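Enquirer:
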Ligand code: F6P
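In our numbering, the protein residues as written are 823 to 1145.
This is the structure in structure tokens:
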């Protein structure tokens, strides 16, 4: 391998820059040229590809977002788009690609791989943590800490006014962000798509808390919960309990920004380095993961089937501690 391309794709996540840095610096260590591909698959299709050296990634380990920019490419879903991408890979003489992103990124990579068999290795960069084959994805830890910081502040005002707050967090169709942040903030209830939510059970729980003289209540709702988002849940609660003084907060995209936590920086550095090593060792069509502190390799097709990894012990823990 003489030339490796790297791009970030899908929703950005804190720590992506640290992963780019690790890829570029590992390439430099092995005397391999590295190329930044801008705006994800769009850059591959449009030929937005530029050489980056070790100094080109200075001072980015602490920065949120991605210096390579990102996109959710519609064009890459088409046969013509992927053909153009292949032509550019050949034009720039790239021998392998490191793709940093989530399930959409790896779905695209798997299709592309079947068609053109270009060596592709993935690094899981998403706040959602919804990939099989890694304990944590890059950005998840930082996102949780952002949620915790915000909800701790909400708790202050909720307690002052004896209020119920229904807080919506991201996670797409998965509840990883909600579950872990919910435990960390001592939420009274956590609603996630992986477990069925019955409105009557939620209300019973909230009533129990009020009778137990709790002065504030926080319900964390994953955006993908089958009951709906925070506004829908608040409406349903209000219908049955009009006496509640309740408010809704949707945390939104602040969960995607900010300086990455130390954990995300180290994870990203480990994975970026492992991705280049994997390409050098002839690996292809796989996502790098870290499982029980060891680097692991999972085929893209398997990595994107995710939900079985949600830790049900944490679901039980949240139930017990919320009483
Ligand atoms: O996948 C990351 C994520 O932030 C999800 O949690 C969320 O559902 C989605 O991206 C939001 O996407 P967009 O930034 O395109 O609105």
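Think of the CB as a built atom: it goes at the ideal place given N, C-alpha and C, for glycine as much as any other residue.
All values derive from a computational prediction rather than experimental measurement.
Taking the alpha carbon of residue 1014 as the reference point, which residue from 1051, 1063, 1028, 1034 has its own alpha carbon closest?
Expert: Of 1051, 1063, 1028, 1034, the residue nearest in Cα terms is 1051.
Enquirer: In angstroms, rounded to a whole number, what distance separates the CA positions of residue 1146 and residue 839?
Expert: A question about residue 1146 goes unanswered here, because the residues of the chain that appear run from 823 up to 1145.
Enquirer: Give a single yes or no on whether residue 929 has its beta carbon closer than 7 Å to a heavy atom of the ligand F6P.
Expert: No; taking the cut-off as 7 Å, the Cβ of residue 929 has no heavy atom of the ligand F6P nearer than that.
Enquirer: According to DSSP, is residue 956 helix, strand or coil?
Expert: The answer is coil: DSSP assigns residue 956 none of H, G, I, E or B.
Enquirer: Return the residue from the list 998, 918, 1044, 1034 that minimises the CA-CA distance to residue 779.
Expert: Past the edges of the chain, shown from 823 to 1145, lies residue 779, and the structure says nothing about it.
Enquirer: Taking 7 Å as the line, does the beta carbon of residue 833 fall inside it for any heavy atom of the ligand F6P?
Expert: Residue 833: yes, Cβ under 7 Å from the ligand F6P.
Enquirer: Going by DSSP in three states, residue 981 sits in which element: helix, strand or coil?
Expert: Helix at residue 981.
Enquirer: Among the residues of its own chain, which have a CB less than 8 Å from the CB of residue 928, if the five just before and after it don't count?
Expert: Same-chain partners within the cutoff: 921, 944, 953, 1109, 1122, 1125, 1126.
Enquirer: Looking at C-alpha atoms only, which residue of 934, 925, 975 is the closest neighbour of residue 955?
Expert: Closest by alpha carbon: 925.
Enquirer: Tell me where the beta strand (DSSP E) around residue 1117 begins and ends.
Expert: That run of the beta strand (DSSP E) goes 1116-1121.
Enquirer: On the CB-based measure, 16 or more other CB atoms within 10 Å of its CB, does residue 1084 come out buried or exposed?
Expert: Residue 1084 should be labelled exposed.
Enquirer: With a threshold of 7 Å, establish whether the CB of residue 974 neighbours any heavy atom of the ligand F6P.
Expert: Because no heavy atom of the ligand F6P lies under 7 Å away, the Cβ of residue 974 does not count as near it: no.
Enquirer: Taking residue 879 as part of the alpha helix (DSSP H), name the residues at either end of that continuous run.
Expert: That residue, residue 879, is in no alpha helix (DSSP H); it is neither H nor E in DSSP.
Enquirer: Take residue 871 as the anchor and find which of 912, 979, 930 has the nearest alpha-carbon.
Expert: Nearest option by C-alpha distance: 912.
Enquirer: Jot down the residue ranges of each uninterrupted alpha helix (DSSP H) in the region 895-922, minimum 4 residues, whole runs only, in chain order.
Expert: Fully enclosed alpha helix (DSSP H) runs of 4 or longer: 901-914.
Enquirer: Assuming residue 890 contacts residue 827 (C-beta within less than 8 Å), just tell me the rounded distance between them.
Expert: No, residue 890 and residue 827 are not in contact; Cβ-Cβ is about 10 Å, not under 8 Å.
Enquirer: Residue 863 and residue 898 - do their beta-carbons sit closer together than 8 Å?
Expert: Taking 8 Å as the Cβ cut-off, residue 898 and residue 863 qualify as a contacting pair.
Enquirer: Tell me, to the nearest whole angstrom, how far the beta carbon of residue 1041 is from that of residue 1053; I am working on the premise that it is less than 8 Å.
Expert: Their Cβ separation, rounded to whole angstroms, is 12 Å, which puts residue 1041 and residue 1053 out of contact at 8 Å.
Enquirer: From which residue to which residue does the beta strand (DSSP E) around residue 1069 run?
Expert: Element bounds for residue 1069: 1068-1072.
Enquirer: Quick one: using the 10 Å Cβ neighbour count with 16 as the cut-off for buried, is residue 1067 buried or exposed?
Expert: So residue 1067 counts as exposed.
Enquirer: With distance defined between alpha-carbon atoms, name the residue in 938, 980, 886, 882 nearest to residue 833.
Expert: It is 886.
Enquirer: If residue 1078 and residue 837 are in contact, beta carbons under 8 Å, what's the gap, nearest whole angstrom?
Expert: With 8 Å as the limit, residue 1078 and residue 837 do not qualify as a contact, their Cβ atoms being about 11 Å apart.
Enquirer: For the alpha helix (DSSP H) containing residue 1003, list its first residue and its last residue.
Expert: Here the alpha helix (DSSP H) through residue 1003 covers 998-1007.
Enquirer: Report yes if the CB atom of residue 1021 is closer than 8 Å to the CB atom of residue 1001, and no otherwise.
Expert: For residue 1021 and residue 1001, no; Cβs fall outside 8 Å.
Enquirer: Identify every run of the alpha helix (DSSP H) within the region 1027-1109, keeping only runs that are complete inside it and at least 4 residues long; order them along the chain.
Expert: For the region 1027-1109, whole alpha helix (DSSP H) runs of length 4 or above, ordered along the chain, are 1052-1062, 1084-1102.
Enquirer: Are residue 1010 and residue 1027 closer than 8 Å when you measure CB to CB?
Expert: In contact: residue 1010 and residue 1027 (Cβ atoms closer than 8 Å).
Enquirer: Could you tell me if residue 860 is buried or exposed, where buried requires 16 or more neighbouring beta carbons within 10 angstroms of its beta carbon?
Expert: The residue is buried, with at least 16 neighbouring Cβ atoms inside 10 Å.
Enquirer: Per DSSP, which one or two residues make a beta bridge with residue 856?
Expert: Residue 856 pairs with 826, 874.
Enquirer: Can you tell which of 914, 946, 940 has its C-alpha closest to the C-alpha of residue 1096?
Expert: Nearest of 914, 946, 940 to residue 1096, Cα basis: 946.
Enquirer: With DSSP run on the structure shown, which of helix, strand or coil describes residue 926?
Expert: Three-state result, residue 926: helix.
Enquirer: Between residue 993 and the ligand F6P, is there a pair consisting of the residue's CB and a ligand heavy atom that are separated by less than 7 Å?
Expert: Answer for residue 993: yes, Cβ within range of the ligand F6P.
Enquirer: Quick one: Cα of residue 1099 to Cα of residue 1017, how far?
Expert: Going by the C-alpha atoms only, they are around 39 Å apart.
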